[in-house]
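In our numbering, the protein residues as written are 2 to 329.
We put the CB at the ideal spot given by N, CA and C, even for glycine.
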Ligand code: NAD
Ligand code: UDP
Ligand code: UDP
């Protein structure tokens with residue numbers, strides 16, 4: 002305990018979020034590629050607060066320094082501006098490999114570069130993992146299950162798809178690999194302009210613009226809050242499961258329901274506008290998370306409304322920030 006004055010002084014000099022103390026033997030050196038992005042920056046927060054040493058490697062294609070700026074200067078933290086397509090020589094115990102353009106406008110911006118990131122970049126990180134004996138977790142996506150007409154069933158379990166050949170074959174070379182199949186995720190630090198449904202609807206509702214529903218809005222998605230995903234990624238990394246594991250929230254809603262929910266949480270007068278259906282839009286998507294539940298003891302715990310409220314708060318601050326900075 003401290004006196005009022007010393008508490009105040011500690012409060013004023015406390016530059017960083019609180020960090021747990023870990024003994025040398027429990028503290029790990031962890032690399033997060035894409036750590037300045039949406040998911041990666043939340044993962045950085047968790048691993049830093051848990052007391053680990055975190056190195057973020059990012060080329061700032063879609064990531065931002067601002068997402069991790071609260072750690073800059075901390076003795077356990079390092080931020081490296083580096084493209085994973087180039088080899089990387091550092092010493093680490095674990096690698097979370099998240100670096101990849103994630104949304105359609107971003108991965109279509111330069112398809113060749115996207116391919117290089119996903120192939121050469123992953124190969125480099127596997128090479129690094131092999132050299133230093135680190136375990137690597139690969140961020141894969143529910144997209145591997147296919148879109149309209151290709152998904153065998155809307156409730157998707159890990160077997161309903163192709164095998165990740167690169168990872169499988171390198172695994173045989175003795176690299177320990179974990180594969181997360183990430184389903185739709187939302188939360189603070191999502192990109193404002195990448196056209197995802199949650200960010201679009203929240204921004205539209207906050208700005209009094211119409212909420213743009215593509216098609217009839219009867220297509221479904223199931224959204225997990227980013228803190229749930231991050232807990233799942235850490236549980237998977239520290240497990241002994243080398244086959245792919247779905248991480249997502251099975252609570253399924255229609256897109257029209259999302260529009261109505263967001264409109265009412267923002268208390269917005271925006272109306273809903275129906276636009277033409279998006280091309281190849283999967284009609285249903287919902288993860289089967291029995292494997293994660295059974296083997297990791299993991300399941301999402303953040304209620305949709307709570308996650309949406311936090312995200313709405315974030316975007317509303319971002320809009321304010323933009324408005325305050327537009328004349329600088
Ligand atoms: P994001 O765009 O916010 O993060 C990706 C990060 O990787 C960015 O910081 C970007 O600058 C960085 N990056 C891209 N190319 C790079 C390169 N060549 N070298 C170094 N850094 C590079 O996206 P996100 O939503 O945080 O996604 C993270 C991972 O999770 C991605 O691999 C994505 O495919 C996967 N994923 C995300 C979702 C989702 O709903 N957000 C769903 C499925 C899968
Ligand atoms: N690599 C890397 N960092 C390392 C070790 C390897 O970036 O610490 C890269 C290396 O440049 C190569 C790739 O990973 O392009 C695969 O390495 P590996 O040793 O598996 O294959 P090789 O170099 O024998 O082709
Ligand atoms: N969508 C929509 N309006 C928007 C953005 C997206 O109706 O402004 C729909 C889109 O057609 C899809 C769903 O919302 O059916 C989810 O889209 P998103 O791009 O967020 O994720 P993904 O299609 O990759 O699941």
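For residue i, the first and last residue of its enclosing alpha helix (DSSP H)
i: residue 100; result: Careful: residue 100 lies outside any alpha helix (DSSP H) and carries neither H nor E.
i: residue 227; result: 227–238
i: residue 338; result: Summary: the structure shown does not reach residue 338, with the chain confined to residues 2 through 329, and so no result is reported for it.
i: residue 20; result: No alpha helix (DSSP H) holds residue 20; DSSP gives it neither H nor E.
i: residue 209; result: Where residue 209 is concerned, there is no enclosing alpha helix (DSSP H), given that its DSSP letter is neither H nor E.
i: residue 107; result: 105–110
i: residue 42; result: 39–50
Residue interval of the beta strand (DSSP E) (run including residue i)
i: residue 215; result: 212–215
i: residue 223; result: 221–223
i: residue 121; result: It is not in any beta strand (DSSP E) - residue 121 carries neither H nor E in the DSSP assignment.
Strand pairing of residue i, partner residues [DSSP]
i: residue 140; result: 181
i: residue 254; result: 222
i: residue 78; result: 55
i: residue 34; result: 58 and 98
i: residue 246; result: 181
i: residue 202; result: Residue 202 is not bridged to any residue.
i: residue 186; result: 225
i: residue 157; result: 288
Closer than 8 Å to chain B by CB, residue i
i: residue 180; result: Among the protein chains of the structure shown there is no chain B, as only one such chain exists.
Integer Cβ distance of residue i from residue j, believed to fall under 8 Å
i: residue 157; j: residue 214; result: Between residue 214 and residue 157 the Cβ distance is about 23 Å, and since that is not below 8 Å, they are no contact.
i: residue 245; j: residue 104; result: Not confirmed; about 21 Å, so no contact.
i: residue 212; j: residue 264; result: 6 Å
i: residue 196; j: residue 106; result: 6 Å
i: residue 227; j: residue 47; result: About 10 Å separates the two Cβ atoms, so there is no contact after all.
i: residue 236; j: residue 297; result: 4 Å
i: residue 306; j: residue 266; result: 7 Å
i: residue 250; j: residue 229; result: 7 Å
i: residue 285; j: residue 221; result: 5 Å
i: residue 17; j: residue 71; result: 7 Å
i: residue 179; j: residue 138; result: 4 Å
i: residue 45; j: residue 189; result: About 13 Å separates the two Cβ atoms, so there is no contact after all.
i: residue 101; j: residue 52; result: 28 Å between Cβ atoms; not a contact.
i: residue 135; j: residue 93; result: 5 Å
i: residue 316; j: residue 204; result: 6 Å
i: residue 49; j: residue 82; result: No, residue 49 and residue 82 are not in contact; Cβ-Cβ is about 19 Å, not under 8 Å.
i: residue 184; j: residue 247; result: 7 Å
i: residue 55; j: residue 91; result: Residue 55 to residue 91, Cβ: 12 Å. No contact.
Point to revise | Any alpha helix (DSSP H) of 4 or more consecutive residues that is wholly inside the region 271–329 | key: 291–297 and 305–326
Exercise for review: Using the beta-carbon of each residue, find all residues closer than 6 Å to any heavy atom of ligand 2 and list them in chain order.
Suggested key: 88, 89, 90, 124, 125, 128, 129, 131 and 132
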